[in-house]
Every structure is written in structure tokens, then in C-alpha cells.
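K.L.:
Starting off with a structure, shown below.
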Amino acid sequence: MTFLVKTIPDMLIETYGNQTEVARRLSCHRNTVRRYLYDKEARHHAIVNGVLMIHQGGRGIYDRNQH
1 MTFLVKTIPD MLIETYGNQT EVARRLSCHR NTVRRYLYDK EARHHAIVNG VLMIHQGGRG
61 IYDRNQH
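In C-alpha cells, the structure reads:
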């Protein structure tokens, strides 16, 4: 099975910078596209076979070191 991995900046190049078109292709909100606009190294997101995968670590205020 072949996997095609992209980032949102890669898709913006394909759509000539049209964030709304990228959001439509990924079935997400345009603000989600803006959130990962500068994540060129795919540290927090990746698009695998047209499905947006998001790293959700670091959310919230819970810190393990405090407990």
C-alpha cells in the first residue's frame, strides 16, 4: 500500500494559496488551515492520503510534573 503524505503548506502551493479550497479538500474549517499554515516540517500535522492528522499533545493546563 502506498501512502501519500503532505502538509498544509504543500497543499496551499497546489491551490495557489487558496485556504478555502484546502479546507474544502480536507473537510475542515478554514481556521484549522490557518492554524497549521506555517508548520512546514509537519511537526503538528500531516495529511495522509487526503485525511488531516493532527498532533494533539500539549493541550490543556494539566502538567504531570506538578502532581
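Just so you know, we're using the UniProt record's numbering here: the sequence shown kicks off at 1 and counts up by one. The C-beta atom is built at its ideal place from N, Cα and C for all residues, glycine as well. Given the structure is predicted, the values throughout are model-derived calculations rather than measurements.
So the candidates are H45, C28, H55; which of them puts its Cα closest to the Cα of K6?
P.N.:
That would be H45, whose Cα lies nearest to the Cα of K6.
K.L.:
What does the Cβ neighbour count give for V51, buried or exposed, with the cut at 16 atoms within 10 Å?
P.N.:
Looking at its Cβ environment, which holds fewer than 16 other Cβ atoms inside 10 Å, V51 is exposed.
K.L.:
Considering A46, what are the terminal residues of the beta strand (DSSP E) in which it resides?
P.N.:
Element bounds for A46: 45-48.
K.L.:
What alpha helix (DSSP H) runs, 4 residues minimum, are completely inside the stretch 1-47?
P.N.:
Qualifying alpha helix (DSSP H) stretches, in chain order: 8-14, 19-26, 30-35.
K.L.:
Which same chain residues, not among the five before or five after F3, have their C-beta less than 8 angstroms away from its C-beta?
P.N.:
Within the same chain, F3 has close Cβ partners V48, N49.
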